[in-house]
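Line order of the protein sequences matches chains A and B.
Going by the numbering used here, the first sequence opens with residue 265, and the numbers climb by one from there.
Going by the numbering used here, the second sequence opens with residue 68, and the numbers climb by one from there.
Think of the CB as a built atom: it goes at the ideal place given N, C-alpha and C, for glycine as much as any other residue.
On a predicted model such as this, the values are computed, not experimentally measured, just so you know.
Inspection log for the structure reproduced underneath, given as structure tokens.
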Amino acid sequence: MAYMVMIRHPAFPNPSSVPTSAPADTALGDCGVLETVKEEIMRLLVVEDDRAAADYLRKAFREAGFVVDLASDGDEGLSLALDGGYDVLIVDRMLPRRDGLSLIAELRARGDKTPVLILSALGQVDDRVTGLRAGGDDYLPKPYAFSELLARVEALARRGGPQATETTYRVADLELDRLAHRVMRSGQEIVLQPREFRLLEYLMRHAGQVVTRTMLLENVWDYHFDPQTNVIDVHVSRLRSKIDKGFEPPLLHTVRGAGYIVRDGAR
Amino acid sequence: MTALGRLIRTTAFKLIAAYLLAFAIFAASIIAYLGWHTQRLVVGQVTDAIETEAKILSQQYTIGGVNRLASIINRRSRQPGAGLYLLTTFTGENVAGNVLNLPLNFLDSEGWKEIDYVRSEDTDGHTSRAVVKVIFLPGEFRLLIGRDVVEREELRRIIIRPALWSVAVLVLLGVAGGLFVTRRVLKRIDEMTATSDRIMAGDLTGRLPLAGTDDEFDRLALSVNAMLERIEVLLAGLKQVSDNIAHDLKTPLTRLRNRAEDALRTASTDVQWRAATEQTIEESDTLIRIFDALLMIARAEAGQARAGMVPFDLAETVESVAELYEPLAEEKGLSFEVTAQGPLMVRGVRELIGQALSNLVDNAIKYSCPDEEDGVSRTIRIAGEPIGERARITVADQGAGIPELDRARVLERFVRLEASRTRPGSGLGLSLVSAVVHLHGGTLALEDNAPGLRIVIELPLEPVSGD
Chain A
265 MAYMVMIRHP AFPNPSSVPT SAPADTALGD CGVLETVKEE IMRLLVVEDD
315 RAAADYLRKA FREAGFVVDL ASDGDEGLSL ALDGGYDVLI VDRMLPRRDG
365 LSLIAELRAR GDKTPVLILS ALGQVDDRVT GLRAGGDDYL PKPYAFSELL
415 ARVEALARRG GPQATETTYR VADLELDRLA HRVMRSGQEI VLQPREFRLL
465 EYLMRHAGQV VTRTMLLENV WDYHFDPQTN VIDVHVSRLR SKIDKGFEPP
515 LLHTVRGAGY IVRDGAR
Chain B
68 MTALGRLIRT TAFKLIAAYL LAFAIFAASI IAYLGWHTQR LVVGQVTDAI
118 ETEAKILSQQ YTIGGVNRLA SIINRRSRQP GAGLYLLTTF TGENVAGNVL
168 NLPLNFLDSE GWKEIDYVRS EDTDGHTSRA VVKVIFLPGE FRLLIGRDVV
218 EREELRRIII RPALWSVAVL VLLGVAGGLF VTRRVLKRID EMTATSDRIM
268 AGDLTGRLPL AGTDDEFDRL ALSVNAMLER IEVLLAGLKQ VSDNIAHDLK
318 TPLTRLRNRA EDALRTASTD VQWRAATEQT IEESDTLIRI FDALLMIARA
368 EAGQARAGMV PFDLAETVES VAELYEPLAE EKGLSFEVTA QGPLMVRGVR
418 ELIGQALSNL VDNAIKYSCP DEEDGVSRTI RIAGEPIGER ARITVADQGA
468 GIPELDRARV LERFVRLEAS RTRPGSGLGL SLVSAVVHLH GGTLALEDNA
518 PGLRIVIELP LEPVSGD
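Now the structure itself:
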């Protein structure tokens, strides 16, 4: 595998990967996920047999501050994944030697719980269901926008972090009490519709990370299709008018070309 | 393989042959049994008669000696239809009687015998068969008394022979019939094979011939024909998709290519390059969306998603889709009325139904906003309700509506009415709705909402199971 680069050990960082101390703007453009990346190097395994696609992913994820390994077939992917140490696996479904689903199933059978994102040209409803049933954590049909893939990988890498178990989410002076279903900003209660509450809950659970429109549609409405118009934008702007209007600084930001992010803009 | 060889190798023919063989053995044994018993009866009468006569003649010999016996025999021999008589000395010289040509030493032993003989009065040498008894008389004379067994032979001629013949004819007819039946079966199978060969060669309009007899072949042919019908529809769909791809995907692809080419030729600043690249990505996203929609329609039409169908509450889907679009409608200044009487349990793929509903609501919003503001407040009504054993979903708008003539046409892929050409969209939304509704065994109707369009979908409700 001539194009495979083994840089899995943090002690030997690849010179071309972005140093963790690099300024956010150069590394991430306008994606705005700097804070989450700065804390630790995230390690990614991409199992993809198409060399051009794999190289593109490696380059793009490196620019986003990830350490990326590539595997070009299912067997190689499985053995690398089993060696462990990855934060997220990106697995293509149709792979030589061992298909993606069998790789994931084998991994899960051996008790490995590393989050897996399935990347596949098979993008219909039933394909997604099969993929998730096989043990995948997320499913992204090809072709994809890299911003979408990045946001989802970030979300997966953070999955199971301390925030998920907390009953209260806090961003600056915004507070969301998951048990009491109550939202406070600067000590003032904000009344939200149930769906708005779930929207904010999801955004705050991923505070500091870009959340895309399709991620919101999937996680808040449980639909996986692509809404033809800007329905999600209208929901978000409604939510924004409730939580940001009359308060400083604004916390719910639009990330152009990607989605939304909740973060303390003053930080 | 010869035609006969083919016939003989068929299952039908082998069955018929086995059946015939069994039947022939059975028939032959019945005939043999009957024949044997009848013969025994006839021969029994003959031997009784001979026995009686032997007794009488022996007595006459005892009373009157050889001369008396010879005269009695001569008298009896001359009567018409008489039995057989022969009296000889122990050396074989004939004393009296009407039998000629006895085999040599025939009278050397006593007892019952069967012979072919010639009567002495017969000049043409006609032989007959007879049962005879040979008796040694005291005084070295030998007496033969016999009776023709014409009756027995007659019996054989009129009963047993024809019976055997009829069995033979039956077997022959059976074999012929078997060949005929087998040939008919083979012919129909050959017709079917020929048709399927033709279909395999690409002529999908071919159908298996029906004999109209409603037999098992007709039933098989009907079922295969229904299957072919389905395959033809699917292939027609596939062909339509490829035609669509050729026609409607090449247009945006050409646009995409032109744009890139134009950028290559004219763009000089970073800003221009960036704009061109962004436009290219946008165009390809449109293409991807069209691709996804086409694939989804094709899959729904092929019925592949049926395996993943589960019961779910349609009312919840109606509510959640309505809720998803409600802010958008409000932003466009439309009133939004949602009524959903739940639960409406149907069996299906919630994702697909949700997508279909969202297409409808999206359309309703899109076509409710007139290009020029006329100040009239428009309402979109979305309803889900049970009607008997079906769930009815209505999406009604007060927009321009669809002229009656165009209502069937808009369900086809890529069909966009002139009025909507200027608006964004691919012309696949309603095709997808139609495919999804049919996948779920439902009906889709486009009605006049006066003004506007009302779309009514009915899906079968999942029967409530008591157990």
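task: Starting from ASN325 of chain B, follow the alpha helix (DSSP H) in both directions and report where the run begins and ends.
output: Judged by DSSP secondary structure, ASN325 of chain B falls within the alpha helix (DSSP H) whose first and last residues are 317–333.
query: Among B:ALA431, B:ASP429, B:ASN516, B:VAL428, which one has its Cα closest to the Cα of PRO470 of chain B?
result: Taking PRO470 of chain B as reference, the option from B:ALA431, B:ASP429, B:ASN516, B:VAL428 with the minimal CA-CA separation is B:ASN516.
Residue environment, VAL526 of chain A, which counts as buried when at least 16 other CB atoms sit within 10 Å: buried
contact_flag[the region 82–98 of chain B, the region 494–506 of chain A] where n(CB pairs < 8 Å) is 3 or more: no
task: In the DSSP assignment, find the unbroken alpha helix (DSSP H) run with PHE325 of chain A in it and report its ends.
output: 315–327
Test: PRO394 of chain B CB closer than 9 Å to a CB of chain A: Chain A contact via Cβ: present.
field: Where TYR100 of chain B falls: helix, strand or coil (DSSP)
entry: Three-state result, TYR100 of chain B: helix.
query: In or out: GLY370 of chain B buried (at least 16 other Cβ within 10 Å) or exposed?
result: Per the 10 Å Cβ criterion, exposed.
query: Which runs of the beta strand (DSSP E) fall wholly inside the region 169–252 of chain B and span at least 3 residues, in chain order?
result: 178–186, 194–204, 208–215
message: If I follow the unbroken beta strand (DSSP E) through TYR433 of chain A, where does it start and stop?
response: 432–435
query: Listing by chain order, which chain A residues have their CB less than 8 Å from the CB of GLN422 of chain B?
result: TYR487, PHE489
query: Distance, Cα to Cα, ARG448 of chain B vs GLU386 of chain B?
result: 12 Å
message: So for PHE403 of chain B, helix, strand or coil by DSSP?
response: Three-state result, PHE403 of chain B: strand.
message: Just to confirm, is the Cβ distance from ARG223 of chain B to GLN106 of chain B under 9 Å?
response: yes
Pair within 9 Å by beta-carbon distance, ALA365 of chain B and ASP390 of chain A: no
message: Let me confirm a value: PHE247 of chain B is counted as buried when at least 16 other C-beta atoms fall within 10 Å, else exposed. Which label applies?
response: exposed
query: GLY375 of chain B versus chain A: which residues are under 8 Å apart at the beta carbon?
result: VAL389, ASP390, VAL393
task: Can you tell me the Cβ-Cβ gap for LEU516 of chain A and ILE496 of chain A, rounded? I've got them flagged as a contact below 8 Å.
output: Not a contact, Cβ separation roughly 13 Å.
field: Three-state secondary structure (DSSP) of ASP333 of chain A
entry: strand
message: Taking 9 Å as the threshold (C-beta atoms), are MET358 of chain A and ALA385 of chain A in contact?
response: yes
message: Quick check on the burial criterion: 16 or more other C-beta atoms within 10 angstroms. Buried or exposed for ILE123 of chain B?
response: exposed
- request: Please say whether ASP401 of chain A and PRO588 of chain A have beta carbons closer to each other than 9 Å?
  value: As shown, chain A starts at 265 and ends at 531. That puts residue 588 of chain A outside it, with no answer to give.
Per-residue contacts from ARG356 of chain B into chain A (C-beta, under 7 Å): ASP490
query: Applying a beta-carbon distance threshold of less than 9 Å, which residues of chain A neighbour LEU289 of chain B?
result: Correct list: empty, because the minimum Cβ distance to chain A is about 31 Å.
- prompt: GLU328 of chain B CB to nearest chain A CB: under 9 Å?
  reply: Not an interface residue.
- prompt: Within the present structure, is the beta-carbon of SER411 of chain A separated from the nearest heavy atom of the ligand MG by less than 8 Å?
  reply: The ligand content of the structure shown is nil, which means the ligand MG is not present either.
message: Out of B:ILE348, B:ARG457, B:HIS505, which one is the CA nearest neighbour of ALA423 of chain B?
response: When B:ILE348, B:ARG457, B:HIS505 are compared, the shortest CA-CA separation from ALA423 of chain B is found for B:HIS505.
task: Give a yes or no on whether 9 Å exceeds the smallest Cβ distance from THR336 of chain B to chain A.
output: no
GLN394 of chain A to PRO405 of chain A span [Cα, whole Å]: Per the sequence shown, the amino acid found at residue 394 of chain A is Thr instead of Gln. If you take the alpha carbons of THR394 of chain A and PRO405 of chain A, they lie about 13 Å apart.
- request: To the nearest angstrom, report how far apart PRO530 of chain B and GLY451 of chain B are at their CA atoms.
  value: 17 Å
Backbone secondary structure at LEU287 of chain B - three-state DSSP: helix
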